[in-house]
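Just so you know, the protein sequences line up as chains A and B, in that order.
Residues 1 to 167, numbered by the working numbering, are exactly what the first sequence covers, in order.
Residues 1001 to 1083, numbered by the working numbering, are exactly what the second sequence covers, in order.
Positions of the beta carbon are idealized from the N, C-alpha and C atoms, including for glycine.
To keep things clear, I will list the structure first and then write my remarks on it.
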Amino acid sequence: MSTMTPPVRPARVCIQTLDFDVSAELAALRGQDPRVGAVCSFVGTVRDRTAGTPGSISSMELEHYPGMTEASIEAMIDEAHQRFDFFGARVIHRIGVLQPLDQIVLVAVTSAHRGESFQACEFLMDYLKTQAPFWKKEQTPEGARWVDARVSDDAALAKWGVASSNL
Amino acid sequence: MKMTVKYFASIRESIGCAAEAVETGALTLGELRDELIARGGAYADSLARGRAVRMAVDQVMGTDTTAVRDGTEVAFFPPVTGG
C-alpha cells in the first residue's frame, strides 16, 4: 500500500483579516523550484485620501462574498494559466477594517522569464478589480460612503480582450 | 420554487437584509429581479432597472437571462470595488 502524499503547496488564494508578510509569501511561492527566474508581485495599500485631499479617508472596511470570492479568484488564476506561461500564483486579499498605510492585497507570480510574470500579475490584478466580489466602504470626515467602481478599471480589463463590464 | 437570495454592500444596507428565503415562480435572474422590484420600497429603489446591479447564481456572475431553479443561491450586489 502506498504511503506517498502529494507535495504540500501553499494555497493559491487566501481571504483573511490578518496582515501578510510579502517576503515570506514570495519565498513560499518560489519554494525550491529551480526553474523560477522571475518573481513579480503587486501590493495594494490603503490611501488616506480621495481627490488628493490628505486625511479625507480615516479608515476603510472591506466586505466580500464568502465562497464566491475565493472561487472567482481561483477561476482567474486558471484563466491566466491559459494565457501566460507561468509557474505559480498567490493572491491574498484582506477583509475587515483597515487603516491608511495598511496592505490590502497581494498578487504574486513566478515564471522562467520576467515578461510572463509581469503580464500574469497585471492580468490577475485587472481581473480582480472588476470581477472579484469585494466592496470598500470609506470612513470620511463627512461620514461613511461606499466606494464607486471606476470606468478605468473596466478599460484595464478590456485591454486583455475581456469584455465583462462591472458598471 | 424556493431560493436563497443574498444581498451585499450598499444593497444589503438599503434593503436591511443580508439573506432571505424567497418563494418565486421566476425562471431567470431578470424575472427574479423584477419580482423583487415589484415589492416596492427599498427593493424597488436599490434593484431599479438602470441602476448598476450585478447578479450571481450559485456564486457565478450571471445576467438577466441566466436560469434559476429550486434551491439556487442568488445574489444581488453593486459593482465590485476590491483590490
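Coil, strand or helix - residue i by DSSP
i	result
A1026/B	coil
C1017/B	coil
T110/A	strand
F118/A	helix
M1055/B	strand
I95/A	coil
R1012/B	helix
G1082/B	coil
M1001/B	coil
R1033/B	helix
A1067/B	strand
Same chain, Cβ closer than 7 Å to residue i, five either side skipped, listed in chain order
i	result
Q119/A	F84
D154/A	T130, S165, N166, L167
T1066/B	T1028, L1029, V1057
G44/A	I104, V105
A1018/B	K1006, Y1007, R1012
S117/A	A38, V39, C40, F86, V109, T110, S111
Assigned exposure category for residue i - 16 Cβ within 10 Å defines buried
i	result
S165/A	exposed
V1074/B	buried
R90/A	buried
H113/A	exposed
S111/A	buried
T1063/B	exposed
P66/A	exposed
P34/A	exposed
K1006/B	buried
E138/A	buried
S1046/B	buried
L1036/B	buried
K136/A	buried
V151/A	exposed
L101/A	exposed
G1082/B	buried
V1068/B	buried
V1060/B	exposed
Endpoints, the beta strand (DSSP E) within which residue i is located
i	result
E142/A	Unbroken run through E142/A: none, as it is neither H nor E.
G1062/B	1060-1062
A1044/B	Run containing A1044/B: none in the beta strand (DSSP E); it sits in the alpha helix (DSSP H), 1041-1046.
V1074/B	1073-1077
V13/A	13-16
Contacts around residue i, its chain only, beta-carbon distance under 6 Å, and the 5 residues preceding and following it disregarded
i	result
A156/A	D126
I73/A	V13, V91, A132
D148/A	none
E1023/B	K1002
M68/A	P133
R145/A	E138
Boundaries of the alpha helix (DSSP H) in which residue i is found, first to last residue
i	result
V151/A	151-158
A28/A	22-30
Cβ shell of residue i (< 8 Å), same chain only, five flanking positions each side left out
i	result
G55/A	D48, R49, P141
E70/A	V13, I15
I95/A	I15, Q16, T17, L62, E63, H64, F134
G1016/B	A1042
Inset, instruction - For the stretch 34-88 of chain A, list the alpha helix (DSSP H) runs that are entirely contained and at least 4 residues long, ordered along the chain. - result: 68-83
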